[in-house]
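Notes follow once the structure below has been shown.
Chains as they are written, first to last, in the UniProt record's numbering: chain A, 1 to 217; chain B, 1 to 233.
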């Protein structure tokens with residue numbers, strides 16, 4: 001049957017890592033293609049002419065762009081290890097929180113790394129993450145006993161990205177004081193047997209963040 | 001299913017609310033429409049959507065579902081025996097979701113820019129952006145519809161609903177600005193699609209009256225322009 005799966009990605013991107021996590025959780029083999037964002041290949045531009053961004057999943061020659069769209073595609077195509085719940089209401093809730101993370105949390109967190117009005121940015125980010133923590137309640141993962149759709153979309157928060165950026169920039173957002181449950185969840189996340197093999201190399205990430213966000217000499 | 005089992009909190013001018021109404025109509029679901037008044041938010045809305053405090057909110061057996069496209073997917077999954085809204089093939093579903101996301105994240109913000117443009121130059125630039133977006137959507141329509149009337153083929157589907165929700169606003173923008181955003185030369189497919197969509201039985205009774213919407217838009221645009229012109233806090 002020749003199943004051909006390719007992924008155009010960047011080693012440090014939480015967006016393309018989401019797709020990798022999903023593929024790995026489902027045991028799907030794929031060809032990884034590292035993209036140079038400063039020098040995008042013709043192939044990438046052909047597969048994602050609208051946004052010219054990663055990640056792009058190419059399945060048997062057909063491209064899909066936008067990480068959350070790709071996650072749903074992966075879940076519908078490879079049935080092992082379901083990412084979304086079966087129940088329509090639970091699915092709607094998962095999609096709601098994924099959207100909340102993508103459209104509200106991510107931009108707010110990126111603002112905290114910027115230099116404008118940082119105090120206000122941190123306050124807003126903490127408020128948003130508090131809502132996420134309330135949604136988590138006492139569950140091990142957003143997906144329940146197992147990692148799911150929302151956990152993967154929250155990879156920036158659960159993985160090392162947020163922790164390392166906040167340390168380098170010198171802000172306190174995700175702390176055990178502020179967000180104890182979310183911190184506990186993030187520990188579960190990075191220690192998950194599949195996730196821990198699929199996070200970017202931490203020292204490389206820290207070095208990158210230092211260059212990008214660290215204090216200038 | 002009793003009508004009171006399904007309620008929709010919304011308002012007639014909202015393109016997002018319209019999406020939910022069309023989806024419910026496609027499935028012939030009876031529902032109670034709870035209209036919000038502009039300028040105030042009901043207790044029920046605030047309780048049902050505490051995170052965003054926005055419409056639409058679908059209440060199904062009193063359980064709230066928020067975000068218009070999430071509501072549309074929910075409707076498709078719950079009333080599975082009715083006509084399908086999303087395509088059945090996973091790749092086609094991904095394409096539909098991709099373009100719906102494009103409409104919400106790129107195209108509609110460009111549309112809003114036309115309304116809040118502070119001067120002629122800004123307005124012209126916004127119109128160019130919207131037109132470029134429509135060219136992309138036209139190309140997508142030609143590919144996806146495969147010669148049929150709708151993105152969904154013979155029947156209206158997810159992308160028809162996602163994009164079609166904005167049809168009223170598109171027409172109002174054309175009228176106010178004296179511009180033909182959908183036209184025979186650049187967007188022949190979408191031009192015809194718009195008429196077919198507006199005439200569809202699931203759409204025609206809930207699509208807002210353009211005259212009424214134009215009047216309403218004056219109020220909304222004034223608010224948007226005031227907010228856009230306000231000095232940064």
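Glycine is no exception: its CB is placed at the ideal position from the N, C-alpha and C atoms.
Give me, in chain order, the residues of the same chain whose beta-carbon lies closer than 8 Å to that of residue i; leave out the 5 immediate sequence neighbours on both sides.
{"i": "residue 50(A)", "result": "65"}
{"i": "residue 170(B)", "result": "111, 181, 182 and 194"}
{"i": "residue 53(B)", "result": "41, 45 and 46"}
{"i": "residue 126(A)", "result": "173, 178 and 179"}
{"i": "residue 80(A)", "result": "26 and 27"}
{"i": "residue 136(A)", "result": "142, 181, 182 and 185"}
{"i": "residue 121(A)", "result": "108, 111, 112 and 114"}
{"i": "residue 207(A)", "result": "none"}
{"i": "residue 131(B)", "result": "181 and 186"}
{"i": "residue 214(B)", "result": "172, 175 and 176"}
Between the options, which lies nearest to residue i when the distance is taken from Cα to Cα?
{"i": "residue 152(A)", "options": "43(A), 45(A) and 198(A)", "result": "198(A)"}
{"i": "residue 214(A)", "options": "149(A), 22(A), 204(A) and 113(A)", "result": "113(A)"}
{"i": "residue 230(B)", "options": "127(B), 116(B) and 63(B)", "result": "116(B)"}
{"i": "residue 60(A)", "options": "92(A), 146(A) and 47(A)", "result": "47(A)"}
{"i": "residue 100(B)", "options": "29(B), 14(B) and 73(B)", "result": "73(B)"}
{"i": "residue 125(B)", "options": "167(B), 61(B) and 114(B)", "result": "114(B)"}
{"i": "residue 195(A)", "options": "144(A), 209(A) and 148(A)", "result": "148(A)"}
{"i": "residue 35(B)", "options": "211(B), 58(B) and 167(B)", "result": "58(B)"}
{"i": "residue 48(B)", "options": "63(B), 39(B) and 37(B)", "result": "63(B)"}
{"i": "residue 104(B)", "options": "224(B), 162(B), 140(B) and 29(B)", "result": "162(B)"}
{"i": "residue 37(B)", "options": "225(B), 224(B), 65(B) and 216(B)", "result": "216(B)"}
{"i": "residue 189(A)", "options": "170(A), 176(A), 158(A) and 116(A)", "result": "158(A)"}
{"i": "residue 78(B)", "options": "211(B), 65(B) and 143(B)", "result": "65(B)"}
{"i": "residue 160(A)", "options": "73(A), 12(A) and 63(A)", "result": "12(A)"}
Indicate the three-state DSSP secondary structure (helix, strand or coil) for residue i in the structure shown.
{"i": "residue 88(A)", "result": "helix"}
{"i": "residue 64(B)", "result": "strand"}
{"i": "residue 1(A)", "result": "Because the pLDDT of residue 1(A) is 47, which lies under 50, any placement of that residue in the model is unreliable, and the number read from its coordinates should be weighed accordingly. Reduced to three states, the DSSP call for residue 1(A) is coil."}
{"i": "residue 112(B)", "result": "helix"}
{"i": "residue 153(B)", "result": "strand"}
{"i": "residue 105(B)", "result": "helix"}
{"i": "residue 186(B)", "result": "coil"}
{"i": "residue 216(B)", "result": "helix"}
{"i": "residue 173(A)", "result": "coil"}
{"i": "residue 78(B)", "result": "helix"}
{"i": "residue 63(A)", "result": "strand"}
{"i": "residue 20(B)", "result": "helix"}
{"i": "residue 117(A)", "result": "coil"}
{"i": "residue 198(A)", "result": "helix"}
{"i": "residue 185(A)", "result": "helix"}
{"i": "residue 79(A)", "result": "coil"}
{"i": "residue 154(A)", "result": "coil"}
{"i": "residue 88(B)", "result": "coil"}
{"i": "residue 160(B)", "result": "helix"}
{"i": "residue 237(B)", "result": "Only positions 1 to 233 of chain B appear in this structure, which leaves residue 237(B) out of reach."}
{"i": "residue 100(B)", "result": "helix"}
{"i": "residue 224(B)", "result": "helix"}
{"i": "residue 172(B)", "result": "helix"}
{"i": "residue 133(B)", "result": "helix"}
According to DSSP, residue i sits in a beta bridge with which residue or residues?
{"i": "residue 10(B)", "result": "35(B)"}
{"i": "residue 53(A)", "result": "For residue 53(A), which the question treats as bridged, DSSP gives no partner whatsoever."}
{"i": "residue 58(B)", "result": "8(B) and 65(B)"}
{"i": "residue 34(A)", "result": "9(A)"}
{"i": "residue 144(A)", "result": "141(A)"}
{"i": "residue 200(B)", "result": "BP columns for residue 200(B) are empty, so no partner."}
{"i": "residue 58(A)", "result": "6(A) and 63(A)"}
Spatial neighbours of residue i within its chain, please: C-beta separation below 7 Å, excluding the five flanking residues on both sides.
{"i": "residue 148(B)", "result": "154"}
{"i": "residue 102(A)", "result": "68 and 153"}
{"i": "residue 184(B)", "result": "191"}
{"i": "residue 192(A)", "result": "147"}
{"i": "residue 82(B)", "result": "26, 27 and 28"}
Would the beta-carbon of residue i be found less than 7 Å away from any heavy atom of the ligand MG?
{"i": "residue 73(A)", "result": "No copy of the ligand MG appears in this structure; indeed no ligand is present at all."}
Residues in its own chain within less than 6 Å of residue i by CB, not counting five upstream and five downstream?
{"i": "residue 1(A)", "result": "Low per-residue confidence applies at residue 1(A): pLDDT is 47, beneath 50, and the placement is therefore not dependable, though the value from the model is reported in the following sentence. Excluding sequence neighbours, residue 1(A) sits near nothing in its chain."}
{"i": "residue 10(B)", "result": "17, 55 and 56"}
{"i": "residue 164(B)", "result": "197"}
{"i": "residue 12(B)", "result": "208"}
{"i": "residue 130(A)", "result": "none"}
| message | Between the region 157-165 of chain B and the region 86-96 of chain B, can you find at least three pairs of beta-carbon atoms closer than 8 Å? | response | yes
| said: Pairs of beta-carbons, one from the region 137-153 of chain A and one from the region 199-214 of chain A, closer than 8 Å: are there three or more? | reply: no
| request: Spell out a yes or no on whether the region 100-111 of chain A and the region 118-126 of chain B are touching, meaning 3 or more CB-CB pairs, one atom from each, closer than 8 Å. | output: no
| query | Does the region 32-48 of chain A come within contact of the region 62-77 of chain B, defined as at least 3 CB pairs closer than 8 Å? | reply | no
| message | Assess contact between the region 202-218 of chain B and the region 16-36 of chain B, defined as three or more Cβ pairs (one per stretch) separated by less than 8 Å. Is contact present? | response | yes
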